[in-house]
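S.K.:
Number of protein chains: 2
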Amino acid sequence: MDLIQSIGYLAGFIIAVALTPQVIQAWKTKSTKDISLPWTIILLLGLLLYFIYGLGIKEMPIIVMNTIETLLVISLIIAKLIYK
Amino acid sequence: MDLIQSIGYLAGFIIAVALTPQVIQAWKTKSTKDISLPWTIILLLGLLLYFIYGLGIKEMPIIVMNTIETLLVISLIIAKLIYK
Numbered sequence: 001m002d003l004i005q006s007i008g009y010l011a012g013f014i015i016a017v018a019l020t021p022q023v024i025q026a027w028k029t030k031s032t033k034d035i036s037l038p039w040t041i042i043l044l045l046g047l048l049l050y051f052i053y054g055l056g057i058k059e060m061p062i063i064v065m066n067t068i069e070t071l072l073v074i075s076l077i078i079a080k081l082i083y084k
Numbered sequence: 085m086d087l088i089q090s091i092g093y094l095a096g097f098i099i100a101v102a103l104t105p106q107v108i109q110a111w112k113t114k115s116t117k118d119i120s121l122p123w124t125i126i127l128l129l130g131l132l133l134y135f136i137y138g139l140g141i142k143e144m145p146i147i148v149m150n151t152i153e154t155l156l157v158i159s160l161i162i163a164k165l166i167y168k
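In order, the protein sequences belong to chains A and B.
Take my numbering: the final residue in the first sequence is number 84, and no numbers are missing along the way.
Take my numbering: the final residue in the second sequence is number 168, and no numbers are missing along the way.
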């Protein structure tokens, strides 16, 4: 794995880390009133398209890290739908 | 520009669109108390690394759309520092 690939993984990891507290908070407090569902769905759509793009240009850092970020956002949407 | 590049631009555009209401709201209400500064700085770091990665793999959709997203987050940090 070369330096550029490592930077790609690190970038995706940091963005996943930035999302995590929000997801943990939603499940812990069982409260998601301040989270906008349309916003979360727009974000999910963007991440899914990024995933397709990553597959298209065959860049593993985008594919792997986007899968993790997509799962985090899906988990946020599920929390939002359960605890509205 | 091929289909995959277009999907990459669209993905970045959608994520920028997801960020925009937050930035507009911060400048309009002059209130940023609910925005976490450490969160914003982590996001900025992730975006900057993604930018370097985009340069490294020479993918214009990542470079262009990440520049826009980075500017949005910097504008959010400036609002946060002015209207604390």
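Positions of the beta carbon are idealized from the N, C-alpha and C atoms, including for glycine.
Would you verify that the beta carbon of V107 (chain B) is, or is not, closer than 8 Å to some beta carbon of chain A?
M.R.: The sequence position of residue 107 (chain B) within the second sequence is 23, counting from 1. No, V107 (chain B) does not count as interfacial toward chain A.
S.K.: Does DSSP put I35 (chain A) in a helix, in a strand, or in coil?
M.R.: Here residue 35 (chain A) is taken as the residue at index 35 of the first sequence, counted from 1. Residue state, collapsed to three classes: coil.
S.K.: Give a yes or no on whether the C-beta atoms belonging to A11 (chain A) and L133 (chain B) are separated by under 8 Å.
M.R.: Looking up residue 11 (chain A) in the first sequence gives position 11. Looking up residue 133 (chain B) in the second sequence gives position 49. Cβ atoms of A11 (chain A) and L133 (chain B): closer than 8 Å.
S.K.: Within 8 Å of any Cβ in chain B, is that where the Cβ of L45 (chain A) sits?
M.R.: The residue given as residue 45 (chain A) occupies position 45 in the first sequence. Closer than 8 Å: yes.
S.K.: Buried or exposed, going by whether 16 or more other CB atoms sit within 10 Å of the CB of I7 (chain A)?
M.R.: Mapped onto the first sequence, residue 7 (chain A) falls at position 7. By the neighbour-count rule (16 or more Cβ atoms within 10 Å), I7 (chain A) is buried.
S.K.: Are L129 (chain B) and I14 (chain A) closer than 8 Å when you measure CB to CB?
M.R.: The residue labelled residue 129 (chain B) in the question sits at position 45 within the second sequence. The residue labelled residue 14 (chain A) in the question sits at position 14 within the first sequence. Against a cut-off of 8 Å, the Cβ pair of I14 (chain A) and L129 (chain B) comes out as a contact.
S.K.: Does P145 (chain B) pass the burial test, meaning 16 or more other C-beta atoms within 10 Å, or should it be called exposed?
M.R.: Reading the second sequence from its first residue, position 61 is the one you call residue 145 (chain B). Burial of P145 (chain B) is indicated by the presence of at least 16 other C-beta atoms within 10 angstroms of its C-beta.
S.K.: In whole angstroms, give me the CA-to-CA distance for A16 (chain A) and L43 (chain A).
M.R.: Residue 16 (chain A) sits at position 16 when you count from the first residue of the first sequence. Residue 43 (chain A) sits at position 43 when you count from the first residue of the first sequence. A16 (chain A) and L43 (chain A): Cα-Cα distance of roughly 13 Å.
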